[in-house]
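All residue numbers for the sequence shown refer to the UniProt record's numbering, where the first residue is 1 and numbers rise by one.
Yeah, the Cβ is synthetic: ideal placement off N, Cα and C, and Gly gets one too.
Only a predicted model underlies this, so the values are computations on that prediction, with no experimental measurement involved.
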Amino acid sequence: MASIDRTAYPRFKRVVSVRELAEAFTPVAGEIEWARGRSQGEPNFLALVVLLKCYQRLGHFPKLADVPVVVINHVRAALGLAEDVLAVHESDRTLCRHRDYVRDRLNVVYKPAEARAIAEKAIRKAVTTKDNPADLINVALEELVRARRELPGFTTLDKMVSAIRTETNTALFGLVATRLDAADRRRLARLLWLDPTSRRSEFDRLKTPAKAASVGKFKLRLAHLQALDELGATEQWLDGIPATKIAHFAGEARVTDVGDMRDIGEAKRWTLLASLIHECRTTARDEVATMFCKRMAVLHKKGRERLVELHEQHRAESERLLDVFGDVLAGAREATAVTEDGTVSPEAAAAVAERVGRLLLKTLTDAGGVEQLSAAHEAVSAHHGNNYLPLLEQFYKSHRSALFTLLDTLELEATSADHSVADAVEFLRAIRGRTGEYVPEKVTVGHGPDAVTVAIDIDFVTEAWRKILVVKDQPGKLVRRHLEVCVFSYLASELRSGDIAVVGANSYANLHAQLMSWDECVPLAEQFCGQAGIPSDPKELTAHYRAALGDIAAVVDAGFPHNTDLSFADGRPVLRRRKGADRRPSALALEESIHQRLPERGLLDILARTAHLVGWPRHFGPASGSDPKIRDAMARYVLTVFANGTLLGPAQVARHMRDQVSAHELSIAANCRASDFVAQGLCRFLSRRYDDEPSPGVPGGGQDPDRAERAVRGDDDRRGRSAEQGLGAVGVAVEGPVPRGRPGRGCRGR
1 MASIDRTAYP
11 RFKRVVSVRE
21 LAEAFTPVAG
31 EIEWARGRSQ
41 GEPNFLALVV
51 LLKCYQRLGH
61 FPKLADVPVV
71 VINHVRAALG
81 LAEDVLAVHE
91 SDRTLCRHRD
101 YVRDRLNVVY
111 KPAEARAIAE
121 KAIRKAVTTK
131 DNPADLINVA
141 LEELVRARRE
151 LPGFTTLDKM
161 VSAIRTETNT
171 ALFGLVATRL
181 DAADRRRLAR
191 LLWLDPTSRR
201 SEFDRLKTPA
211 KAASVGKFKL
221 RLAHLQALDE
231 LGATEQWLDG
241 IPATKIAHFA
251 GEARVTDVGD
261 MRDIGEAKRW
271 TLLASLIHEC
281 RTTARDEVAT
291 MFCKRMAVLH
301 KKGRERLVEL
311 HEQHRAESER
321 LLDVFGDVLA
331 GAREATAVTE
341 DGTVSPEAAA
351 AVAERVGRLL
361 LKTLTDAGGV
371 EQLSAAHEAV
381 SAHHGNNYLP
391 LLEQFYKSHR
401 SALFTLLDTL
411 ELEATSADHS
421 VADAVEFLRA
431 IRGRTGEYVP
441 EKVTVGHGPD
451 AVTVAIDIDF
461 VTEAWRKILV
471 VKDQPGKLVR
481 RHLEVCVFSY
491 LASELRSGDI
501 AVVGANSYAN
511 LHAQLMSWDE
521 CVPLAEQFCG
531 QAGIPSDPKE
541 LTAHYRAALG
551 DIAAVVDAGF
561 PHNTDLSFAD
571 GRPVLRRRKG
581 ADRRPSALAL
591 EESIHQRLPE
601 RGLLDILART
611 AHLVGWPRHF
621 GPASGSDPKI
631 RDAMARYVLT
641 VFANGTLLGP
651 AQVARHMRDQ
661 VSAHELSIAA
671 NCRASDFVAQ
681 GLCRFLSRRY
691 DDEPSPGVPG
701 GGQDPDRAER
711 AVRGDDDRRG
721 RSAEQGLGAV
731 GVAVEGPVPR
741 GRPGRGCRGR
């Protein structure tokens, strides 16, 4: 059975806030007059109004015994009735008549058979793309509300979802099983074998995440991807199954251990394994592409660092060469016979040349000789400027085999009209076996009729790359190693920008292929424009946005003279940074007083209290969406959040709990019941729930004046403060652990 807490099925909260009472359960004058004319006696009058307000809030009729007392008390007070008036019906006939009155007023149709048919149709349509029972129930609820039908009971919807989901998934399991031959099944079955030495299975190793992007780990991840591809063509096994279904099956397999996987039915077991392998192949391609981009970034970083080192090493030599050049200039000035008007006399030209030559040769000889100075000049000028690209080749050698293995493993495709880098990658594949220093721009691959000529066009490279690629004295040839580094560098850049995609990946997939075509958009354009409030005609749409732009421009121009924060410098807008005012002494005193009055509370107590008041543990649960079958699930989830949020870990928390819970139980709760998707949904829920809470002890935060006054005096109810503090604590534990190096903060808090 699915957990009602994980669905949108309307129900009363554990604690009904004052705001909710005022907004949802306060009858207006028209409703009071309507109910007064259709009821006899104060109990029936109160019961009819309670039914009306509950149906408006829930979409179905609850039993009056299940309505929270605070709701009945609030409605009774709004009607001005005495406290001893109870919300009861004198007979079942009166109850049925009151329900009909409410349906007529709200224009709701009560036809249970039609409601079940609408829900079944919506569920069958959604079950092809969704698998979580809670999601399917929510789809049925949305369709029933749109059709203005009274909601069936939760059990009715849950049984319907369970039957349809089982029927659909059983058909999918059988379809996948028929696509597997005997060899495929043997390979999948081998994944569940335990190694007697390590006590681990290949099934566990499938889930191993990628590690740091070192060269060794990069090669291991490439080998891991190749091993995954050898398990079988999962894209053929799962052909026709929606991606959301595959993701759900893979998630269920990921949180299942080997023992439980063996107990699953054969057809379902093959499908779960195939889905997990398919997801692992997709994830491994993303990881390999990411590690490749990181390794290329490291190569360029090392090249820049090496260039800085060379500049530092040659700085002294550069200064010495400049001193030699200065001595040469000084000798030339000394030997030159200059007249009063600044010109050299023709008679002295020959003597001057001879004298200059002797002085220059003497200067060069004293500095080490022409040969030594020439060698020093070549060494210094070799890395002149900021071009570090010639230095990358020395760091590339250790990466070459892994990078070409990457090209063999991944299938790349260009996503833009420019295929120059993709063609260059194909050229690299063609020259992989070359060992010479230079390669021609055109090479022939193969022999005989199968021979293919592959060429490369380096127009896409920058001038800095071109200087080191082109061989000046050998037209049509390129420096091989520099060419390989260049193409791999551009490939990493294209992968990051999305101009080249990895077939079978997720993050590096071709995003353009996932977009709707224009033919698919045309039938939906009219409806979209109507919902967006914009014209669907092209000319009218252009005129609409021109008018809107003109109106906004007029408003901005009119307010510019009074906008002291915005100015223009050299034709560009500049927004002045505002500096906050210094805090007043009264504000500092108020802060100190608040800190003195805030009691110190245990974090575990706060988590337990908020779990009961807010119900955040409902977001945890099995991947199937069913109710958790563990004993005292709320306590287990509270301890799990505490263990992970404080960085204590399951083992240490279990040790301090004195055998009340084991480390394995906490680990299962964290790994199998709290995925990234669950964490994101819980964070959104906590944010919305915190917004619904009154501001923590601050007057004017949406709370009533009496409570604000009690908060300032320090005698506000403890439950509210604990709830507000606990929501923040749960958010920290879910989004990320508290920082290290702050002892005590994880266990005690204000």
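What is the rounded straight-line gap between the Cα of residue i and the Cα of residue j?
i: Ser507; j: Arg496; result: 10 Å
i: Ala77; j: Asp84; result: 11 Å
i: Glu279; j: Ala492; result: 23 Å
i: Thr128; j: Glu266; result: 22 Å
i: Leu590; j: Leu598; result: 12 Å
i: Asp551; j: Leu106; result: 42 Å
i: His544; j: Pro535; result: 8 Å
i: Tyr438; j: Val324; result: 38 Å
i: Phe427; j: His384; result: 31 Å
i: Arg306; j: Arg320; result: 22 Å
i: Gln531; j: Leu607; result: 42 Å
i: Leu613; j: Leu58; result: 20 Å
i: Glu441; j: Ala414; result: 21 Å
i: Met634; j: Phe249; result: 26 Å
i: Gly714; j: Leu511; result: Unreliable positioning characterises Gly714 in this predicted model, as indicated by a pLDDT of 36, which lies under 50. A coordinate reading is not provided.
i: Val3; j: Ala134; result: Looking at the sequence shown, residue 3 is not Val but Ser. Between Ser3 and Ala134, the C-alpha separation is close to 7 Å.
i: Thr178; j: Arg165; result: 20 Å
i: Arg710; j: Ile72; result: Residue confidence for Arg710 is low, a pLDDT of 38 falling below 50, so the modelled location carries little weight; the figure read from the coordinates is stated next. Approximately 26 Å, taken between the alpha carbons.
i: Trp518; j: Ala558; result: 41 Å
i: residue 753; j: Ala210; result: Because the chain in this structure spans residues 1 to 750, residue 753 falls outside the shown range and cannot be described.
i: Arg434; j: Ile468; result: 19 Å
i: Ala163; j: Asp263; result: 22 Å
i: Leu194; j: Asp184; result: 19 Å
i: Ala47; j: Leu604; result: 41 Å
i: Trp465; j: Ala316; result: 28 Å
i: Ser17; j: Arg655; result: 39 Å
i: Leu681; j: Lys130; result: Residue 681 is actually Gly in this sequence, not Leu. So the alpha carbons of these two residues sit roughly 17 Å apart.
Taking 7 Å as the limit between beta carbons, can you name the residues of its chain near residue i, skipping five residues before and five after?
i: Leu639; result: Val653, Val661, Leu666
i: Leu238; result: Val176, Ile246, Ala274, Ser275, His278
i: Thr282; result: Gly504, Ala505, Asn506
i: Arg148; result: Asn107, Val108, Val109
i: Val443; result: Ala430, Ile431, Val454
i: His8; result: Note that residue 8 corresponds to Ala in the displayed sequence, not to His. Here the set comprises Asn138, Leu141.
i: Val145; result: Gly59
i: Phe154; result: Ile4, Tyr9
i: Asp450; result: none
Nearest to residue i by alpha carbon, out of the options?
i: Arg190; options: Ala177, Val258, Arg254; result: Val258
i: Glu463; options: Asp5, Asp323, Tyr388, Arg688; result: Tyr388
i: Phe45; options: Glu31, Leu58, Tyr55, Arg57; result: Glu31
i: Gly41; options: Leu52, Leu86, Val461; result: Leu86
i: Leu410; options: Arg306, Leu228, Trp270; result: Leu228
i: Asp499; options: Asp418, Leu151, Pro538, Arg6; result: Asp418
i: Leu206; options: Gly251, Pro573, Val49, Leu588; result: Gly251
i: Arg6; options: Leu686, Thr646, Arg618; result: Arg618
i: His300; options: Phe395, Leu575, Ala289; result: Phe395
i: Glu150; options: Arg689, Gly37, Ala113; result: Ala113
i: Ala422; options: Phe460, Ser401, Lys397; result: Phe460
Only counting the same chain, and skipping five residues up and downstream in sequence, which positions put a Cβ closer than 6 Å to that of residue i?
i: Ala424; result: Ile456, Val487
i: Arg285; result: Val502, Gly504, Ala505
i: Thr564; result: none
Decide if residue i is buried, meaning its Cβ has at least 16 other Cβ atoms within 10 Å, or exposed.
i: Glu520; result: exposed
i: Leu406; result: buried
i: Cys54; result: buried
i: Lys13; result: exposed
i: Ala643; result: buried
i: Phe560; result: exposed
i: Pro196; result: exposed
i: Leu524; result: exposed
Who are the near neighbours of residue i in its chain, counting only those whose CB is closer than 8 Å to its CB and skipping five residues on each side?
i: Met160; result: Arg116, Ala119, Glu120, Ile123, Ala140
i: Leu360; result: Val328, Gly331, Ala332
i: Ser420; result: Asp457, Asp459, Phe460
Could you tell me which uninterrupted beta strand (DSSP E) segments, each at least 3 residues in length, are contained entirely in the region 550-631, listed from first to last along the chain? Runs of the beta strand (DSSP E) lying entirely within the region 550-631, each at least 3 residues long, are 566-569, 572-575 in chain order.
Ignoring anything shorter than 3 residues or poking outside the region 426-456, list the beta strand (DSSP E) runs there in chain order. For the region 426-456, the continuous beta strand (DSSP E) assignments of 3+ residues that do not extend past its boundaries occur at 438-440, 442-445, 452-455, in sequence order.
Every unbroken beta strand (DSSP E) within the region 171-219, with a cutoff of 3 residues, ordered by chain: Listed in chain order, nothing qualifies, since the region 171-219 has no complete beta strand (DSSP E) run of 3 or more residues.
Only counting runs of 4 or more residues, tell me where the alpha helix (DSSP H) segments fall wholly within the region 16-58, in order along the chain. Runs found: 18-24, 29-36, 42-58.
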